[in-house]
Amino acid sequence: MNQSADSLRDEVGGAPLPGQLVIVSGPSGAGKSTVLRQLLECCDLPLEMSVSATTRAPRPGEEDGRDYHFVSLEQFHAMRENGEFLECMHVFGRDWYGTLAAQVDQALADGKWIILEIDVQGALSVMKRRDDTLSFFVHPGSRSELEHRLRSRKTEDEQAIQRRLEVADEELSALSYYDYEIINRDVNVAVSEMCQCLKKSAREGKACLKS
Ligand code: 5GP
0 MNQSADSLRD
10 EVGGAPLPGQ
20 LVIVSGPSGA
30 GKSTVLRQLL
40 ECCDLPLEMS
50 VSATTRAPRP
60 GEEDGRDYHF
70 VSLEQFHAMR
80 ENGEFLECMH
90 VFGRDWYGTL
100 AAQVDQALAD
110 GKWIILEIDV
120 QGALSVMKRR
130 DDTLSFFVHP
140 GSRSELEHRL
150 RSRKTEDEQA
160 IQRRLEVADE
170 ELSALSYYDY
180 EIINRDVNVA
190 VSEMCQCLKK
200 SAREGKACLK
210 S
């Protein structure tokens, strides 16, 4: 992961790297946020996280505008009616989440690699609407490991954990729609694989991932 964005740019012919829409999904508790935080720190591509709007309450330590734009249900529906979302979904039958189209468009225009960490339904809807996506499915390898992780982070009650596990079972069946599968048993390995894959895609195009 030492190659700089400049040397990568030299390899792709000296032209500025074009922007890229990157989708990352996977069951809640798969460690996506940790992987992505580390990816942003150590993968030297012009990566940017998309900051979604949500009606969910902030968790301890979460900041408005950094982790999410925390909005009321009324605000969310107004934004939806104004066409502000690239996609939006009612996730876990409880809270609304939406990707802000303006942030994505601006990032792509600026040559950024904008990462959408979104649920499978949202991801499939973006993939259907656009053919310029590069998609990753991150999961911990087994259901028992997922359950263990969900319980040990102690952020949800039992009902929410059960709901997240049911959704995870459904989501796993969508794995084949993604370009790349990342099994997150070891965060460093997962981050390294993802970074290599993004760089390979910058050099060779998306098709290389499917081979
Ligand atoms: P959490 O509440 O744990 O932050 O996120 C719950 C789920 O909502 C995760 O699967 C996350 O990927 C998904 N999510 C977050 N933002 C969005 C979004 O803008 N759109 C969609 N469709 N899903 C989102």
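The sequence shown begins at 0 in numbering that gives the first Met the number 0 and counts up one residue at a time. Even for Gly, the Cβ is constructed at its ideal location relative to N, Cα and C. Remember, predicted model here, so these are calculated numbers, not experimental data.
DSSP state of residue i mapped onto helix, strand, coil
{"i": "V21", "result": "strand"}
{"i": "I227", "result": "Here the chain comprises residues numbered 0 to 210, so residue 227 is not present and cannot be evaluated."}
{"i": "E47", "result": "strand"}
{"i": "K199", "result": "helix"}
{"i": "M0", "result": "Its pLDDT being 46, under 50, M0 is placed unreliably by the model, and nothing is read from it."}
{"i": "L77", "result": "Per the sequence presented here, residue 77 reads as Ala, with Leu not at that position. Three-state result, A77: helix."}
{"i": "T98", "result": "strand"}
{"i": "D168", "result": "helix"}
{"i": "T154", "result": "coil"}
{"i": "E180", "result": "strand"}
{"i": "C194", "result": "helix"}
{"i": "K70", "result": "As written in the sequence, residue 70 is Val, which differs from the Lys given in the question. Residue state, collapsed to three classes: coil."}
{"i": "C87", "result": "strand"}
{"i": "T33", "result": "helix"}
{"i": "A52", "result": "strand"}
Proximity to residue i [Cα-Cα], best of the options
{"i": "S134", "options": "Q74, E180, F75", "result": "E180"}
{"i": "D94", "options": "T54, E165, W112", "result": "T54"}
{"i": "V186", "options": "Q120, L35, S71, E144", "result": "L35"}
{"i": "R184", "options": "C41, L145, N81", "result": "L145"}
{"i": "D168", "options": "S27, V21, P17, L16", "result": "S27"}
{"i": "A77", "options": "L99, L44, G121", "result": "L99"}
{"i": "Q105", "options": "P17, E203, K199", "result": "P17"}
{"i": "S24", "options": "L171, R152, S71, E192", "result": "L171"}
{"i": "L85", "options": "K199, S124, Y176, C194", "result": "S124"}
{"i": "K198", "options": "P15, Q37, D43", "result": "D43"}
{"i": "G30", "options": "V188, E203, A56, Q74", "result": "V188"}
{"i": "Q19", "options": "L115, Y96, E157, L149", "result": "L115"}
{"i": "K111", "options": "S49, G204, H147", "result": "S49"}
Per-residue burial, residue i [other beta carbons within 10 Å of its own, 16 or more giving buried]
{"i": "C87", "result": "buried"}
{"i": "A108", "result": "exposed"}
{"i": "L174", "result": "exposed"}
{"i": "K153", "result": "exposed"}
{"i": "Q102", "result": "buried"}
{"i": "L72", "result": "exposed"}
{"i": "C41", "result": "exposed"}
{"i": "S51", "result": "buried"}
Which complete beta strand (DSSP E) runs does the segment 102–137 hold, if anything under 3 residues is left out? 112–116, all fully within the segment 102–137.
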